[in-house]
Amino acid sequence: MRNIKMSLQFDGTRYSGWQRLGDNDNTIQGKLEDLLSRMTEEEINVIGCSRTDKGVHAKALICNFFTESTMKTSEMFAYINNYLPEDIRVTYLADAAEKFHSRHNASTKTYLYTIDNGAYCDVFTRKFSSYVKGKVDTQLMEKAAEYLTGTHDFDAFTTMKSKKKSCIRTINSISITRKGNGIYITYTGDGFLHNMIRIITGTLLRVGTGELKPEDVARILESKDRSLAGPMAESKGLCLVQVDYN
Numbered sequence: 003m004r005n006i007k008m009s010l011q012f013d014g015t016r017y018s019g020w021q022r023l024g025d026n027d028n029t030i031q032g033k034l035e036d037l038l039s040r041m042t043e044e045e046i047n048v049i050g051c052s053r054t055d056k057g058v059h060a061k062a063l064i065c066n067f068f069t070e071s072t073m074k075t076s077e078m079f080a081y082i083n084n085y086l087p088e089d090i091r092v093t094y095l096a097d098a099a100e101k102f103h104s105r106h107n108a109s110t111k112t113y114l115y116t117i118d119n120g121a122y123c124d125v126f127t128r129k130f131s132s133y134v135k136g137k138v139d140t141q142l143m144e145k146a147a148e149y150l151t152g153t154h155d156f157d158a159f160t161t162m163k164s165k166k167k168s169c170i171r172t173i174n175s176i177s178i179t180r181k182g183n184g185i186y187i188t189y190t191g192d193g194f195l196h197n198m199i200r201i202i203t204g205t206l207l208r209v210g211t212g213e214l215k216p217e218d219v220a221r222i223l224e225s226k227d228r229s230l231a232g233p234m235a236e237s238k239g240l241c242l243v244q245v246d247y248n
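Be aware that the sequence shown starts at 3, since it is given in the working numbering, and climbs by one per residue.
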C-alpha cells in the first residue's frame, strides 16, 4: 500500500468547501476522490489538512491518500491535472511515509485574508478579496491583534456548534500590512476553529473603522460570547497559503 502526498491550489468560488457531505459532490474532496477512484480503479478517500469552508481558496492545501496503484507519480500528476476542473490544480505529488497524515501531522497553518480598501471594488481582485469602503486604521487593528496572539479559549470567535470540543487554540502570529489599496492579514497558528479567522477578521475590521477599541477585543475574548464579536468576514477573502510539518 502506498501513501501519496499532494499539494493543491484551488479557487474555491464555485465549490461548497473541502469536505464531501452526503450526495453533494461539488466539493474539492469530492472532485478529487471521484477522479482518483477512476484513475486507480479503487475506492479512494482523500485526507485533507484543513476543511476549508464554501468559497475559501487555497494556494497550498496538503492532502494524502492510500492506493495499491503501481502508476508512477509523474503519470499520476499528469493524469490528475489533465482531468481536474481548471480551478483546481495539483502542484506537487510524491510518495510519502506510510504513517504520514496530512491533518494530524501538521504543526502550523498559515492563512491570508485579503481586503480591498480602495475607492471602488477592483474588478480583477473581487473574487479573492473582500471589499471594505472608507477609512480603515491598520495600526489600531495591529494593537487589537496583540490580544489574540498566544494560547487562548476562542469560544467568542467560532460558530462551532458542539461545545464538547475544546476551543483552546494557539495563534503564533497575526501580521497586518497595507500595500496600495490592499490590506493583508496573515494568521499563523496550530489550528483554527470553524469560521474563527473570518470572525476575528470581522472583529479587527470593526476596530479599524472605529466601531470598537483595541482593548475591547480582550474583553470579547475573555467573555467567550460570540454575540460580542464582530460579523463574520466574507469567505472569498480567505486563502490557505502554507502548511508546515515537524
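Even for Gly, the Cβ is constructed at its ideal location relative to N, Cα and C.
Rounded to the nearest whole angstrom, the CA to CA distance from threonine 205 to serine 71 is 48 Å. Of the candidates Gly239, Gln11, Val243 and Ile178, Gly239 places its Cα closest to the Cα of arginine 128. Three or more Cβ pairs closer than 8 Å define a contact, and the region 9 to 20 meets that threshold against the region 29 to 37. Under the criterion of beta carbons closer than 8 Å, alanine 158 and aspartate 227 qualify as touching, at roughly 5 Å. When C-beta atoms of the region 136 to 152 are compared with those of the region 172 to 180, three or more pairs fall below 8 Å, so the two segments count as touching.
Nearest to glycine 57 by C-alpha distance, out of Phe12, Val245 and Leu207, is Phe12. In this structure, aspartate 139 lies near glycine 210, with their beta-carbon atoms less than 9 Å apart. Nearest to arginine 91 by alpha-carbon distance, out of Lys33, Thr190 and Glu217, is Lys33. By the CB criterion at 9 Å, alanine 98 and asparagine 248 fall outside the cutoff.
Straight-line measurement puts the Cα of asparagine 83 at about 18 Å from the Cα of asparagine 47. Excluding the 5 residues flanking it on each side, methionine 198 has same chain C-beta neighbours closer than 8 Å at Phe156, Phe159, Thr160 and Arg171, in chain order.
Distance from the CA atom of aspartate 36 to the CA atom of phenylalanine 79, rounded to whole angstroms, is 15 Å. Under the 10 Å beta carbon count, threonine 93 is surrounded by fewer than 16 other beta carbons and is classified as exposed.
Between glycine 120 and the set Val219, Gly182 and Lys61, the nearest pair of CA atoms involves Gly182. Under the three-state reduction of DSSP, tyrosine 85 is assigned to helix.
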